[in-house]
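Protein chains in written order, with this note's numbering: chain A, 1 to 113; chain B, 114 to 231.
C-beta: ideal position from N, C-alpha, C; glycine also.
Computed from a predicted structure; not experimentally measured.
The structure under discussion appears below in the form of C-alpha cells.
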Amino acid sequence: KNQVEQSPQSLIILEGKNCTLQCNYTVSPFSNLRWYKQDTGRGPVSLTIMTFSENTKSNGRYTATLDADTKQSSLHITASQLSDSASYICVVSSLGGGNKLTFGTGTQLKVEL
Amino acid sequence: GAVVSQHPSRVICKSGTSVKIECRSLDFQATTMFWYRQFPKQSLMLMATSNEGSKATYEQGVEKDKFLINHASLTLSTLTVTSAHPEDSSFYICSASDIRQGESYEQYFGPGTRLTVT
C-alpha cells in the first residue's frame, strides 16, 4: 500500500529561525514528489515538485531535497516568517496512475515572535 | 501560476437538501479535475477523478449517487452533494490538471468550500 509519512507532526519555532521537515514514502512506481503549503481553511499551494533525477529544488526560502534510494525527502525553510505558519504536506505521485497522489498527513508549523 | 476557483467558499444547508459546488480553471484548460474532502487535522482524501466529457471515476467507499460529479467543459466541474446529512460536513477541495503536459503535470488546487449541514 502506498504511504507517505511526515515528521514532526507539529513544530513551533521563533521567527527568523530555520527548520527542516521530513517525509518518508513507500510509493511505487515513483513519478514525482511535491511539497505543498496549506493555510488554514485554504487549498494547498505548490512549493516544489521533483522527479526521480532531481536531488534538490529551491523556491525562495524553501529548499526541498529528494533521496530516491532511501525514499526520503526534506523541506528546509530558512529565515522563517510569521506567514510561514501553515500545514506543509508532502505528496507523492505514482507513475501511470492517472496522476494519483498519495498525501502525507502534514506537518503543522507555527512561527512565533 | 494557474488559478483554480471554487464557489461558494462557504455554504450552510439543512439536512436533506442538495448542494452544488463549482470548480473552475480560470486561465488554462483542465482535461482532468479531482475532488477531495478534508476533515479537521487530516490530510486530503481523493473522492473522484473526472475527465472532461466522460463519467467520473469514484474512489472506493465514495457513493457516486450521493456525490454527483459533472465535468461538462474544460474549465468547469461541479460536485453536487445530494440529500446532505451532518456527516457530510467537511472541507471540499477541487484540483485541476492538464494531462497533456506529461507525467509530471501539476495539479492546481482550488481554495476549498466549507460545507456545514445542520
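Your pair residue 209 (chain B) and residue 138 (chain B) checks out as a contact, with CB atoms roughly 4 Å apart and the cut at 8 Å. Of the candidates A:111, A:112, A:60 and A:89, A:89 places its Cα closest to the Cα of residue 102 (chain A).
Per DSSP, reduced to three states, the secondary structure at residue 201 (chain B) is helical. Where residue 42 (chain A) is concerned, there is no enclosing beta strand (DSSP E), because DSSP gives it neither an H nor an E.
For residue 180 (chain B), the enclosing beta strand (DSSP E) covers residues 180 to 186. The DSSP-derived three-state label of residue 47 (chain A) is strand. Against chain A, a Cβ distance below 9 Å from residue 223 (chain B) picks out 43. Exclusion of the five residues before and after residue 68 (chain A) leaves 52 as the residues of its chain whose Cβ lies within less than 6 Å of its Cβ. At a cut-off of 8 Å between C-beta atoms, residue 94 (chain A) does not count as an interface residue with respect to chain B.
Put simply, the backbone Cα of residue 133 (chain B) is about 29 Å away from that of residue 93 (chain A). Taking the C-beta atoms as reference points, residue 171 (chain B) is found nearer than 8 Å to residue 177 (chain B).
Rounded to whole angstroms, the gap between the alpha carbons of residue 127 (chain B) and residue 58 (chain A) is 46 Å.
For residue 73 (chain A), the nearest beta carbon of chain B is not closer than 8 Å to its own beta carbon. Residue 20 (chain A) counts as exposed, since fewer than 16 other beta carbons sit within 10 angstroms of its beta carbon.
When secondary structure is reduced to three states using DSSP, residue 84 (chain A) falls in the helix class. For residue 190 (chain B), not one C-beta of chain A is nearer than 8 Å to its own C-beta. The distance from the Cβ of residue 223 (chain B) to that of residue 117 (chain B) is about 4 Å, consistent with a contact at the 8 Å cut-off. Burial check for residue 220 (chain B): the Cβ neighbour count within 10 Å reaches 16 or more, so the residue is buried. The DSSP-derived three-state label of residue 123 (chain B) is strand. Between residue 36 (chain A) and residue 197 (chain B), the alpha-carbon positions lie close to 30 Å from each other.
The contact set of residue 173 (chain B) on chain A, defined by CB atoms closer than 9 Å, is empty, because the minimum CB distance reaches about 13 Å. DSSP, reduced to helix, strand and coil, places residue 137 (chain B) within a strand of the structure shown. Take the alpha-carbon of residue 168 (chain B) and the one of residue 183 (chain B): they are about 8 Å apart. Going by DSSP, residue 61 (chain A) is part of no beta strand (DSSP E) at all; its letter is neither H nor E. No residue range can be given for residue 79 (chain A), since it is assigned to no beta strand (DSSP E) and is classified by DSSP as neither H nor E.
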